[in-house]
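Step one of this worksheet: look at the structure below.
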Amino acid sequence: MTVAELKEYLTAGRHVHLIGIGGVSMFPLAEVLKRAGLVVTGSDIHENANVDHLIAQGIPVTLGHRPENIRGADLVIRTAAVHDDNPEIQAAHTAGIPVFERAQAWGAIMMDYRHAVCVSGTHGKTTTTSMCAHIAMAAGTDPTIMIGGNLPLLGAGYRVGNGDTIILESCEYCNSFLSFRPTTAVILDIEEDHLDFFKDLADIEHSFRTFANLVPENGIVIANADDRNTMDTLDGIDRPFITFGLGNYADIYCSEPVWEKGLPTFDLYQGERFVCTISLTIPGLHNVKNALAAAATALHMGIDPKFIAQGLNSYHGAERRFEYKGELNGAKIYDDYAHHPGEIHVLLQTAKSLGYQRVICAFQPHTYSRTKALFDDFVQELQLADLTLLAEIYPAREVNTIGISSKDLAAKIPNAEYYPTFAELEARLRQLARPGDLILTVGAGELDQVSNALVKKTTKNECNSSAQI
1 MTVAELKEYL
11 TAGRHVHLIG
21 IGGVSMFPLA
31 EVLKRAGLVV
41 TGSDIHENAN
51 VDHLIAQGIP
61 VTLGHRPENI
71 RGADLVIRTA
81 AVHDDNPEIQ
91 AAHTAGIPVF
101 ERAQAWGAIM
111 MDYRHAVCVS
121 GTHGKTTTTS
131 MCAHIAMAAG
141 TDPTIMIGGN
151 LPLLGAGYRV
161 GNGDTIILES
171 CEYCNSFLSF
181 RPTTAVILDI
191 EEDHLDFFKD
201 LADIEHSFRT
211 FANLVPENGI
221 VIANADDRNT
231 MDTLDGIDRP
241 FITFGLGNYA
251 DIYCSEPVWE
261 KGLPTFDLYQ
271 GERFVCTISL
281 TIPGLHNVKN
291 ALAAAATALH
301 MGIDPKFIAQ
311 GLNSYHGAER
321 RFEYKGELNG
331 AKIYDDYAHH
341 PGEIHVLLQT
351 AKSLGYQRVI
361 CAFQPHTYSR
371 TKALFDDFVQ
381 ELQLADLTLL
391 AEIYPAREVN
401 TIGISSKDLA
411 AKIPNAEYYP
421 TFAELEARLR
431 QLARPGDLIL
441 TVGAGELDQV
451 SNALVKKTTK
461 NECNSSAQI
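As numbered in the working numbering, residues 1 to 469 make up the sequence shown, in order.
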């Protein structure tokens, strides 16, 4: 069924059952549906903090998947991890109860909002969505927010508001963002990624173009003028769009940033009009671009420039986005989610610009398919560090049918070392750490366990998300 058909089902009083309700983007969905007046139940395999939270909100959750769990449901929504052989899915099909995907549900929900902001792109989605959230909160719009990482401002990765604005991080993997219904579609950049699903760059660009075309005629596409793939993708599109960039060739742009201790200050312009001055508390030219995207979104929504400045100036980073962890033997420890060669390039360039004597990068590649497809790029970009320590590949959803290992990367990268276990990697970092070092744990897997262990075993302080440059 389509998103529009699902919208007809999501009316007050209907009973919706969520399978995998404890998932990171499912439990906020449950709250939103409950607030809309639906009767919400759910099931999950394991009890976790999300499940406990929902139960406290009065939403019944059953542990384990059984056919009887869907009794009385008018419709079922499932997470992507739940397949057709699930007993509850099979029972729904037998009973003629419609089954929808999680992304479809979010798409249907967006149709009730005046401003439905979807932030997409290969890189920078979490940071830019978080910046949009900061601005919207500063402006008092009472937004609903869904982010792919925890944001200290929210104390979580989501917020259920009562205003007319919804802001969602929107991922292209498996074309999930094509189920969304944005009024504002932000495209930050486009590169080859998720090649276990997409055939090539052209396939990815086609997906993003389709995403942009989801915007209604009275909506807007906000695009990165500095990213050639994005501009090529949008060439000739029949939807209104504006651009952001580092120069006045873009609709929304900035003056040359002034850098102090690695942090940028710049003036924001819309055409010839000065908008406001922004001083970021996070480093990197890439974050100037992310801020421009968030500012362009806010300007289109009619948000006062003073709230744009207030929101961006108060943003100190999201979890696992150049997140400061603490110190070890005088070395500064940071963690970052970068898992694509383009992201690693930007991360290590930024780290090298901060004046440390050495930049030590501990990296865990994410998925065998990505490591194989982008192998040469990983080899090139990881050489930017003074020393690279490689953990074994994080498999995520994959089985290693390719026969690839992080050891293969280490063999090609000068000044690289391979450690098959986290314990060995942690021990090596303890041995290396000294004053003047910046130590990065990098990747979308579980390598943050190492940075957490280094800090917790050496200090009494918990993690601090603010950059301690």
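Virtual Cβ for every residue (Gly too), placed ideally from N, Cα, C.
Which residues mark the beginning and the end of the beta strand (DSSP E) in which residue i is found?
i      : result
Tyr113 : First-last for Tyr113: undefined, no H or E at that position.
Pro358 : It is Arg, not Pro, that sits at residue 358 in the sequence shown. Where Arg358 is concerned, the enclosing beta strand (DSSP E) stretches over Arg358 to Phe363.
Ala294 : Unbroken run through Ala294 is the alpha helix (DSSP H), Leu285 to His300; no beta strand (DSSP E).
Lys325 : Glu323 to Leu328
Ala185 : Thr184 to Ile187
Thr127 : Taken as a continuous stretch (DSSP letters only), Thr127 belongs to no beta strand (DSSP E), being part of the alpha helix (DSSP H) at Lys125 to Ala138.
Val258 : Val258 to Glu260
Glu31  : From DSSP, Glu31 is part of no beta strand (DSSP E) but of the alpha helix (DSSP H) over Phe27 to Arg35.
Asn150 : Thr144 to Leu151
Glu47  : Glu47 -> no beta strand (DSSP E), and no H or E assigned at all.
Ala444 : Element bounds for Ala444: n/a, residue is neither H nor E.
Val99  : Val99 to Glu101
Excluding five sequence neighbours on each side, which residues of the same chain lie with their C-beta closer than 7 Å to the C-beta of residue i?
i      : result
Phe422 : Ala391, Gln449 and Val450
Glu47  : Leu63
Pro420 : Glu392
Pro87  : His65, Arg66 and Pro67
His134 : Leu153, Gly311, Leu312, Ser314 and Tyr315
Ala105 : Leu6, Leu29 and Ile77
Asn464 : With a pLDDT of 39 at Asn464, under the threshold of 50, the modelled position of this residue cannot be trusted, and the question is left open.
Gly107 : Val3, Ser179, Phe180 and Arg181
His339 : His366, Gly443 and Ala444
Asn400 : Tyr368
Gly72  : His15
Ala396 : His366 and Thr367
Between the Cα of residue i and the Cα atoms of the options, which residue gives the shortest distance?
i      : options                           : result
Ile404 : Leu348, Gly163, Ile308 and Ile393 : Ile393
Phe197 : Gly219, Gly124, Ile220 and Cys171 : Cys171
Leu312 : Leu354, Arg209, Glu260 and Cys276 : Cys276
Asn213 : Val399, Glu256, Pro264 and Gly236 : Gly236
Leu354 : Asn329, Ser176 and Pro264         : Pro264
Gly149 : Met137, Ala136 and Thr129         : Thr129
Tyr253 : Val379, Val24 and Thr297          : Thr297
Thr41  : Ile402, Ala156, Asn248 and Val61  : Val61
Lys456 : Asp408, Glu327 and Thr388         : Glu327
Ala309 : Met146, Leu292 and Gly317         : Leu292
Leu195 : Phe177, Asp251, Thr371 and Tyr334 : Thr371
Tyr9   : His53, Leu151, Arg35 and Asp74    : Asp74
Which residues in the same chain have their Cβ closer than 8 Å to the Cβ of residue i, if we skip the five residues on either side of it in sequence?
i      : result
Asp200 : Glu192
Gln90  : Pro67 and Asp84
Name, in chain order, the residues that DSSP records as bridge partners for residue i.
i      : result
Gly42  : Leu18 and Val61
Ser170 : Partner(s): none; Ser170 has no beta bridge.
Thr277 : Asp267
Glu417 : Leu389
Asn224 : Phe244
Tyr337 : Paired residues: none, contrary to the question.
Tyr394 : His366
Asp251 : DSSP lists no partner for Asp251.
In chain order, what residues of the same chain lie with their CB nearer than 6 Å to the CB of residue i, ignoring the 5 residues before and after it?
i      : result
Pro240 : Ile220
Gly445 : Gln364, His366 and Tyr394
Gly161 : Asp142, Pro143 and Thr144
Pro435 : Gly330
Ala223 : Ile187, Thr230, Leu234, Phe241 and Thr243
Leu438 : Lys332, Ala351, Tyr356 and Val359
Which two residues bound the contiguous alpha helix (DSSP H) that contains residue i?
i      : result
Asn313 : Pro305 to Asn313
Leu452 : In the sequence on display, residue 452 carries Asn and not Leu. Start and end: Asp448 to Lys456.
Asp408 : Ser406 to Lys412
Leu425 : Phe422 to Leu432
Asp376 : Phe375 to Leu382
Leu201 : Leu201 to Ala212
Please check if any C-beta of chain B sits within less than 8 Å of the C-beta of residue i.
i      : result
Val221 : Among the protein chains of the structure shown there is no chain B, as only one such chain exists.
### Query
Any contact of the region 418-434 with the region 359-368, i.e. 3+ C-beta pairs under 8 Å?
Touching, yes.
### Query
Would you call the region 165-185 and the region 112-125 in contact, with 3 or more CB pairs under 8 Å?
Yes, since at least three Cβ pairs between the region 165-185 and the region 112-125 fall closer than 8 Å, the two stretches touch.
### Query
Is it true that the region 159-171 meets the region 127-145, where meeting means three or more beta-carbon pairs spaced less than 8 Å apart?
Yes, since at least three Cβ pairs between the region 159-171 and the region 127-145 fall closer than 8 Å, the two stretches touch.
#### Entry: At least three beta-carbon pairs within less than 8 Å, the region 273-288 to the region 91-107
Proximity of the region 273-288 to the region 91-107 falls short of the contact definition, fewer than three beta-carbon pairs being nearer than 8 Å.
#### Entry: Three or more C-beta pairs below 8 Å linking the region 367-375 and the region 404-419
Contact between the region 367-375 and the region 404-419 is present, because at least three Cβ pairs lie under 8 Å.
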